[in-house]
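At position 105 of the sequence shown (counting the first as 1) the number is 164 in the working numbering, and the numbers step up by one without a gap.
Notes for the one structure printed next.
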Amino acid sequence: MSRNNEELSPFSLEGKLIAITGASSGIGKQIAITCSNLGASLVLFGRNRERLNQTVGELQNPDKHIVFETDINDFEKVKNDVKEAVSIKGKFSGLVNCAGVSPTMPLRATSETKMQEVFKTNVVAAMNLTKLICKPANLNKEGGSIVFIASVMGSVGEIGKSLYGMSKGALIAGTKSLAVEYGAKNIRFNSISPGVVVTPMSMSSEYSKDEKKLQFVTDLHPLGLGKPEDIANGTAFLLSDASRWVTGTDLIIDGGYTAK
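Spelled out as structure tokens, the structure:
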């Protein structure tokens with residue numbers, strides 16, 4: 060590091076080791092790129108090694124980062140991956156829980172199996188990794204920052220998004236209690252609630268395949284649809300020391316969707 064910590068911008072991520080799930084595409088990939096540009100070393104989790112390697116190829120100093128081809132629902136492998144990461148890179152300063160699924164279905168089509176599947180990925184797996192990262196053996200003794208990528212659907216309603224909204228609402232609610240629980244250890248917990256962001260996942264949805272429906276969804280956002288960079292910038296802020304007095308909050312980044 061060419062400068063002393065005292066000289067660094069509070070928005071810098073120099074010297075921080077950040078874990079990111081869902082880093083092989085979309086918002087997670089852009090979060091990795093943005094954090095890398097701000098100086099962080101990264102541990103990236105995703106299910107597709109080829110796409111993870113593509114992400115690493117777009118990062119600053121690729122040799123600073125490591126990847127794990129992992130399904131976050133495989134708790135034993137996740138545990139071993141975290142242990143290996145710490146042995147290689149040292150202790151973590153932050154975690155971004157970005158991996159998730161986004162089903163759209165009416166309640167009548169929702170089965171118990173589907174409910175369990177969505178909650179396991181969007182909630183249980185994220186909390187499992189969070190619990191691992193927050194262990195003293197894995198987290199920097201100065202504390203750290205945990206960010207959950209939630210959704211505006213966790214706070215407002217939309218037809219067909221009840222299951223997805225419940226899972227994201229659970230993250231928003233959990234964030235608040237975790238912030239209180241871990242405050243004395245200087246571990247901060249925040250969530251981010253994006254509106255519709257242009258990603259491969261969102262553009263494969265049903266409304267995106269119909270020009271009129273896509274325009275309708277776009278018009279719900281006074282500033283138009285978001286870009287992955289919009290969410291990545293907010294995430295980087297929450298990971299940085301610039302947000303040292305921010306915990307237990309849900310940062311809404313939605314182009315005005317919830318302002319109406």
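Backbone N, C-alpha and C define an ideal beta-carbon position, used for all residues, glycine too.
How should S299 be labelled, buried or exposed, when 16 other C-beta atoms within 10 angstroms of its C-beta is the threshold for buried?
When all chains shown are included, S299 counts as buried.
Would you say H280 and V239 are within 8 Å of each other, going by their C-beta atoms?
For the 8 Å CB-CB criterion, H280 and V239 do not form a contact.
Which two residues bound the contiguous alpha helix (DSSP H) that contains T169?
Premise fails: T169 is in no alpha helix (DSSP H) and is neither H nor E.
Could you check whether A291 and I147 sit closer than 8 Å to each other, using their CB atoms as the reference points?
no
Going by beta carbon distance, what residues of the same chain come within less than 7 Å of R110, once the five residues before and after it are set aside?
S83 and S84
Give the straight-line distance between the Cα atoms of R108 and L76, rounded to the nearest whole angstrom.
20 Å
The region 182-191 / the region 228-248 touching (three or more Cβ pairs under 8 Å):
They touch, by the three-pair rule.
Compute the Euclidean distance between the alpha carbons of F207 and N156, then round it to the nearest angstrom.
5 Å
Are L282 and G293 close, meaning C-beta to C-beta below 8 Å?
The answer is no: Cβ separation not under 8 Å.
DSSP-derived helix/strand/coil call for E288:
helix
Where are the alpha helix (DSSP H) runs, 4 residues long or more, that stay fully inside the region 125-199, in chain order?
List check, alpha helix (DSSP H) in window: 134-148, 171-178 and 184-192.
Leaving out five residues before and five after M212 in sequence, what residues of the same chain have Cβ atoms less than 7 Å from its Cβ?
The residues are K220, Y223, G224 and K227.
Can we count T258 as close to the ligand GDP, meaning its CB is less than 7 Å from some heavy atom?
Only the bare structure without any ligand can be found here, which leaves the ligand GDP out of the picture.
Alpha carbon to alpha carbon, how far is G314 from G285?
7 Å
Counting Cβ pairs, one atom from each stretch, are 3 or more of them under 8 Å apart for the region 149-165 and the region 113-123?
no
Do I205 and F248 have their beta-carbon atoms positioned less than 8 Å apart in this structure?
yes
What does a CB cutoff of less than 8 Å around K200 pick up in its chain, not counting 5 residues either side in sequence?
K150
Evaluate F275 with the Cβ neighbour count: other Cβ atoms within 10 Å of its Cβ, from every protein chain shown; 16 or more gives buried, anything less gives exposed.
exposed
Distance CB(L97)-CB(A295) smaller than 8 Å
yes
Determine the extent of the alpha helix (DSSP H) in which R108 is found, giving its start and end residues.
R108 to G116
Should Q175 go down as buried or exposed, given a rule of 16 or more other Cβ atoms within 10 Å for buried?
exposed
Across which residues does DSSP place I251 in a beta bridge pair?
I208 and L310
What does T80 pair with, by DSSP beta-bridge criteria?
T80 pairs with F104.
Cα-Cα, which of V145, P259, R167 and F134 is closest to I125?
V145
Nearest by alpha-carbon distance to G159: which of L198, K179 and S100 is it?
K179
A232 lies in the alpha helix (DSSP H); which residues open and close that run?
S221 to Y241
Taking the beta carbon of T129 as the centre, do at least 16 other beta carbons fall within 10 Å, making it buried, or is it exposed?
Label assigned to T129: buried.
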